[in-house]
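Notes to accompany the following structure.
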Amino acid sequence: MVGTPQVVNISDLRSLAKRRLPRAVFDYIDGGAEDEVTLRENCRVFDHVTFRPHNAVSTPSCDLRTTVLGTTLELPFLLAPVGSSRLFFPQGEVVAAREAGAAGTAYILSTFSGCRLEDVKAATTGAAWYQLYLAGGREVATQAIRRAQAAGYSALVVTIDTPVAGLRERDVRNGIKELATRNLFTMLPFVGQILMRPNWLAGFLGDGGLMSFPNVVLPGKGPMPYADVGAALEQAVVSWRDLAWIRREWSGRIIVKGVLTNTDARIAIDEGADGVVVSNHGGRQLDGVSSTLRALPEVVEAVNGRIEVLFDGGIRRGSDIIKAICLGARAVLIGRAYAYGLAAAGGPGVARAIEILRTDLVRTLKLLGCPSISSLAPSFIENSRSARLFPN
Ligand code: GLV
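Here the sequence shown stands for residues 30 to 421, numbered as in the numbering used here.
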């Protein structure tokens with residue numbers, strides 16, 4: 030079902046996901062904030078970077094390995110934290126983590142997940158990182174940090190771009206908030222889209238129905254009940270002052286996700302981050318903020334090799350990954366690219382998304398005359414005037 034000729038690229042997985050999911054769930058994955066300008070820009074900007082190949086060079090094998098924070102990955106991309114993945118497919122986070130491990134890469138688990146962090150870690154043979162939101166306050170986050178440490182997560186990803194939730198207009202119109210109430214009367218105007226997707230509904234009910242957030246355990250109350258992610262994000266604000274206590278609680282690596290400027294990059298370093306992710310939350314938070322590919326050179330320059338710079342946003346092809354690495358990213362995070370696969374077909378869909386990007390990477394490296402990810406350099410690309418990604 031996810032092989033050729035039906036599925037040739039990530040966009041084909043997106044089409045399958047759209048067919049299997051209720052509109053509210055598909056739009057939660059697919060949509061962004063307000064006018065979705067940043068969401069579109071994240072993808073569009075890649076079109077303005079052109080390659081400069083070394084032709085007549087034979088590269089019989091291409092080495093895709095890269096090292097991120099001391100861990101060698103078979104691929105230069107990791108699976109990004111994606112909230113509510115259990116709504117996309119039964120046991121969604123466990124399924125995605127398993128496929129990441131099988132492909133030799135790392136999985137990053139969102140705080141707003143439907144599976145227990147211990148189960149997700151146990152499902153993968155690869156590295157796992159835990160993405161932290163302060164939902165429920167410090168005490169609740171501290172419990173999650175301790176659990177993540179005990180379960181063997183090797184890095185903590187602290188997301189800094191959620192002082193409030195972005196206005197995701199599709200979610201509002203689709204009644205995400207009403208559907209999360211569990212009150213039939215409130216839900217009623219929005220249930221038609223769900224009844225139109227019986228396959229998804231059967232899987233969802235078989236998986237226990239509306240999940241809770243088992244990694245956000247509220248004192249005396251237990252796991253935080255599912256709320257639409259917008260409402261959950263309202264409580265998730267992190268400030269630089271939090272980095273100090275997080276560092277005290279967590280002895281592993283810390284990565285700050287959501288850096289778009291040289292100022293924030295420098296503060297992250299001063300606060301002891303081991304890495305940053307250049308990210309605008311996939312265009313889901315502040316609409317009108319720069320595409321991440323545009324922000325990348327500024328952050329790379331400010332960091333100046335002191336810590337590792339990761340990247341996410343807009344990646345739909347292996348060539349996009351190569352462009353981001355040429356501009357200084359150590360590796361990238363893919364979010365929607367694998368979430369579409371998970372929603373389309375579960376584990377095989379995630380594996381297919383990874384395989385599409387892997388074969389893209391090999392083909393693109395060969396066409397560039399470049400033997401490995403570690404040999405990529407700015408000289409393999411140029412930016413057209415309209416993109417002005419870096420001065421040349
Ligand atoms: C969660 O972080 C989301 O962007 O939906």
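Don't be surprised by glycine CBs; every beta carbon is placed ideally from N, CA and C.
- Taking the CA atoms as reference points, Val220 sits about 10 Å from Asn203.
- For Lys47, the enclosing alpha helix (DSSP H) begins and ends at Ile39 to Arg49.
- When the beta-carbon positions are compared, Ser139 and Gln160 come within less than 8 Å of each other.
- Put simply, the residues with a CB less than 5 Å from any heavy atom of the ligand GLV are Gly112, Val258 and Arg313, in chain order.
- When Arg295, Tyr255, Ala260 and Pro407 are compared, the shortest CA-CA separation from Gly237 is found for Tyr255.
- Where Val338 is concerned, the enclosing beta strand (DSSP E) starts and stops at Glu337 to Asp341.
- Just so you know, the alpha carbons of Asp349 and Leu339 end up roughly 14 Å apart.
- DSSP assignment within the region 92-180 yields the following whole alpha helix (DSSP H) runs of 4 residues or more, N-terminal first: 114-117, 121-131, 146-152 and 167-180.
- Relative to the Cα of Leu247, the nearest Cα in the group Ala85, Gly166 and Arg73 belongs to Gly166.
- For Phe55, the uninterrupted alpha helix (DSSP H) run begins and ends at Arg52 to Asp59, by DSSP.
- In the three-state DSSP reduction, Ser241 falls in the strand class (E or B).
- Under a 10 Å Cβ-count criterion, His310 is classified as buried, with 16 or more other Cβ atoms of the shown protein chains found around its own Cβ.
- In this chain, Val36 is not harboured by any alpha helix (DSSP H), its DSSP state being neither H nor E.
- CA-to-CA, the gap between Gly364 and Pro110 works out to about 7 Å.
- Sequence-distant Cβ neighbours of Leu386 in its own chain, meaning closer than 6 Å and more than five residues away, are Gly347.
- Ranked by Cα distance from Leu102, the options Ser403, Glu411 and Ile410 are led by Ser403.
- Counting C-beta pairs closer than 8 Å gives fewer than three between the region 371-379 and the region 312-331, which falls short of the contact rule.
- When rounded, the separation of the alpha-carbon atoms in Gly130 and Leu45 is 24 Å.
- DSSP places Met216 in the uninterrupted alpha helix (DSSP H) bounded by Leu213 to Met216.
- With contacts defined as CB atoms closer than 8 Å, Ala184 and Arg277 fail to qualify as a contacting pair.
- Following the DSSP letters along the chain, one finds Glu278 inside the alpha helix (DSSP H) bounded by residues Trp269 to Glu278.
- In the three-state reduction of the DSSP assignment, Ala62 falls in the coil class.
- Straight across, the Cα-Cα distance linking Cys399 with Ala406 is about 10 Å.
- Under the three-pair Cβ rule at 8 Å, the region 76-92 does not count as touching the region 205-212.
- Approximately 19 Å separates the beta-carbon atoms of Thr191 and Leu116; this is outside 8 Å, ruling out the contact.
- Within the model, the alpha-carbon separation for Gly370 versus Ile351 is close to 21 Å.
- Ranking Ser40, Ala265 and Ala360 by CA distance to the CA of Val169 puts Ala265 first.
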